[in-house]
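Colleague: Note that the sequence shown covers residues 19 to 231 in the numbering used here. The beta-carbon is built from N, C-alpha and C at its ideal position, and this holds for glycine as well.
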Amino acid sequence: MSSKSLTFVTGNAKKLQEVVAILGDSFPVSIRSLGVDLPEYQGDADEVTRQKCRAAAQHVKAPVVIEDTCLCFNALGGLPGPYIKWFLEKLGPDGLYKLLAGFDDKSAVAQCTFAYSSGSDDAEVLLFHGRVPGAIVAPRGETRFGWDPCFQPDGFTETFAEMSAETKNGISHRRRALNALKEYFAADEGLTRLRADLLQDDLHTDAAGRPAH
Numbered sequence: 019m020s021s022k023s024l025t026f027v028t029g030n031a032k033k034l035q036e037v038v039a040i041l042g043d044s045f046p047v048s049i050r051s052l053g054v055d056l057p058e059y060q061g062d063a064d065e066v067t068r069q070k071c072r073a074a075a076q077h078v079k080a081p082v083v084i085e086d087t088c089l090c091f092n093a094l095g096g097l098p099g100p101y102i103k104w105f106l107e108k109l110g111p112d113g114l115y116k117l118l119a120g121f122d123d124k125s126a127v128a129q130c131t132f133a134y135s136s137g138s139d140d141a142e143v144l145l146f147h148g149r150v151p152g153a154i155v156a157p158r159g160e161t162r163f164g165w166d167p168c169f170q171p172d173g174f175t176e177t178f179a180e181m182s183a184e185t186k187n188g189i190s191h192r193r194r195a196l197n198a199l200k201e202y203f204a205a206d207e208g209l210t211r212l213r214a215d216l217l218q219d220d221l222h223t224d225a226a227g228r229p230a231h
């Protein structure tokens, strides 16, 4: 395996912490983070994630992973969906809860999508999904990470914000998406692909006379 790291493009330290904790020591390559100011795209969740991954790959010029998260209210036809970042910035967790004040249906789905690209301009973008059904509730717990205080996963009496890091990381939408990513790269096809992509990046680095990341 190449000694180089796989670049997770994010400027969110809390998100990086969760990803590293969930992947653990069994992932076949180390993860490094890089904050890149990516454009804000519009479209459905998969298309937004693909576009973000392509933009990240063009910037890094090396194998990358990116993540996009959605919170989908069933009463609102899936909104906020991929636009949850803007809703959260304007409304906060309490405002998100109040959006459903006029609806009996408080159900929602937390969705996480990871995307992988080898970094080449024409590379296929691979998507890995994780979904957790739950309900939107009055905020409980510390407001440390996004909309965690107002999302209560099905089968639990606690919101994400009230859970310990170990409990949340064991059941979250991010855990499920990363499990899918880990399973792919643990299989022969995925591991061969990752090795080849990282080796190709090493060769490009050597040819350009640039130090490794």
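From V127 to A80, what distance separates their C-alpha atoms?
Modeller: Working through the sequence shown from its first residue, we reach residue 127 at position 109. Working through the sequence shown from its first residue, we reach residue 80 at position 62. For V127 and A80, the distance between alpha carbons rounds to 32 Å.
Colleague: Where does L118 sit, in a helix, a strand or coil, going by DSSP?
Modeller: Against the sequence shown, residue 118 aligns to sequence position 100. Looking at L118 - three-state DSSP - the assignment turns out to be coil, as it is neither helix nor strand.
Colleague: Just reading off the alpha helix (DSSP H) that L235 is part of, what are its end residues?
Modeller: This structure cannot speak to residue 235, because the chain is shown only from 19 to 231.
Colleague: Does DSSP classify A128 as helix, strand or coil?
Modeller: Translated into positions along the sequence shown, residue 128 becomes position 110. Of the three classes helix, strand and coil, the one that applies to A128 here is strand, per DSSP.
Colleague: With contact counted as at least three CB pairs below 8 Å, one residue from each stretch, are the segment 145-155 and the segment 112-123 in contact?
Modeller: Enough Cβ pairs lie closer than 8 Å, so yes.
Colleague: Give the range of the alpha helix (DSSP H) segment to which Q76 is assigned.
Modeller: To locate residue 76, count along the sequence shown from 1; it is residue 58. Run containing Q76: 63-78, per the alpha helix (DSSP H) assignment.
Colleague: Per DSSP, which residues does P98 bridge with? Please list them.
Modeller: As a first step, residue 98 is located in the sequence shown; it is residue number 80 there, counting from the start. Its beta-bridge partners are C90.
Colleague: Check each candidate in R193, A179, V27 and name the one with the smallest Cα separation from P111.
Modeller: Mapped onto the sequence shown, residue 111 falls at position 93. Nearest C-alpha to P111: A179.
Colleague: Taking contact to mean at least 3 C-beta pairs separated by less than 8 Å, is the segment 127-137 in contact with the segment 189-207?
Modeller: Yes, the segment 127-137 is in contact with the segment 189-207.
Colleague: On the DSSP bridge assignment, give the partners of Y134 in chain order.
Modeller: The residue you call residue 134 lines up with position 116 of the sequence shown. V83, L144.
Colleague: Let me know if W104 comes out buried or exposed under the rule of 16 or more other beta-carbons within 10 Å of its beta-carbon.
Modeller: As a working note, residue 104 is residue 86 in the sequence shown. Counting Cβ neighbours within 10 Å, W104 comes out exposed, since fewer than 16 surround it.
Colleague: Provide the residue(s) that pair with V27 in DSSP beta bridges, ordered along the chain.
Modeller: Counting from 1 along the sequence shown, the entry for residue 27 is found at position 9. According to DSSP, which records beta bridges pairwise, V27 is partnered with L52.
Colleague: Are the CB atoms of A75 and V66 within a distance shorter than 8 Å?
Modeller: Position 48 of the sequence shown, counted from the start, is the residue given in the question as residue 66. Position 57 of the sequence shown, counted from the start, is the residue given in the question as residue 75. It is not a contact, given that the beta carbons lie outside the stated cut-off.
Colleague: Smallest Cα separation from N92: which of R68, E107, I84, D123?
Modeller: As a position in the sequence shown, residue 92 is number 74, starting the count at 1. Cα-wise, what sits closest to N92 is D123.
Colleague: Report the rounded CA-to-CA distance for C88 versus Y101, giving the unit in angstroms.
Modeller: Here residue 88 corresponds to residue number 70 of the sequence shown, with the count starting at 1. Here residue 101 corresponds to residue number 83 of the sequence shown, with the count starting at 1. If I take the Cα positions, the gap works out to 7 Å.
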